[in-house]
Structure formats: C-alpha cells, structure tokens
Amino acid sequence: TVTRHVAAFLRAHAPEVEEALGAKVEGLPVPDAVLLNGGVFAPPEVGDRLAEVVDAWGGERERRL
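In case it helps, our numbering puts the sequence shown at residues 1396 to 1460.
Quick look at the structure:
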C-alpha cells in the first residue's frame, strides 16, 4: 500500500531528520506537511486516506500542499 511505502521512507530517513532537528526522534518521524502532486493522489479519497493515516501516526495535523 502507499502508506506502507511512506512509512518505510520516513523510517529510512529518520537519521537525516534527527540531524536536521538536532534532536533524537522517538518512533516514526511524522511530517508536518505532505505534498500530493497528482498521479495516484489525484482522487481526493486517496489523499484523504493518507492524511488520516499520517494523523494517526501522531504529531499535529499535517498541512496538505
């Protein structure tokens, strides 16, 4: 699924997030903004579902760009 790939991407880039923030990240780093640039995300339902999942991962509600 798309969310599985997004989670894997975030996990893989956790060290870069920690370096950029200058702090240890507990668990999965959660983005504060998500860019949905068409393609598979063209249908609003797909973007809405991704937003629901990212919100469930924690943090503040992400901004959609």
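Beta carbons are placed, not taken as given, at the ideal position from N, Cα and C, and that holds for glycine.
Open item on the list: For ARG1406 and ASP1427, I'd like the C-alpha separation in whole angstroms.
Closed with: Answer to the nearest angstrom: the Cα atoms are 15 Å apart.
| Cβ atoms of ARG1444 and ASP1450: under 8 Å apart, would you say? | In this structure, ASP1450 sits away from ARG1444, with a CB-CB distance that is not shorter than 8 Å.
From ALA1409, GLU1440, PRO1439 and VAL1448, residue whose alpha carbon lies closest to that of THR1398: Looking only at ALA1409, GLU1440, PRO1439 and VAL1448, the smallest Cα-Cα distance to THR1398 is reached by VAL1448.
Problem - Coarse secondary structure for ARG1456, derived from DSSP in three states - result: Here ARG1456 sits in coil by DSSP.
Whole angstroms is fine: what's the gap from TRP1452's alpha carbon to VAL1425's?
Per the coordinates, the alpha-carbon of TRP1452 lies some 7 Å from the alpha-carbon of VAL1425.
Open item on the list: If you reduce the DSSP assignment to three classes, tell me which class ALA1437 lands in.
Closed with: Note: ALA1437 maps to coil in three-state DSSP.
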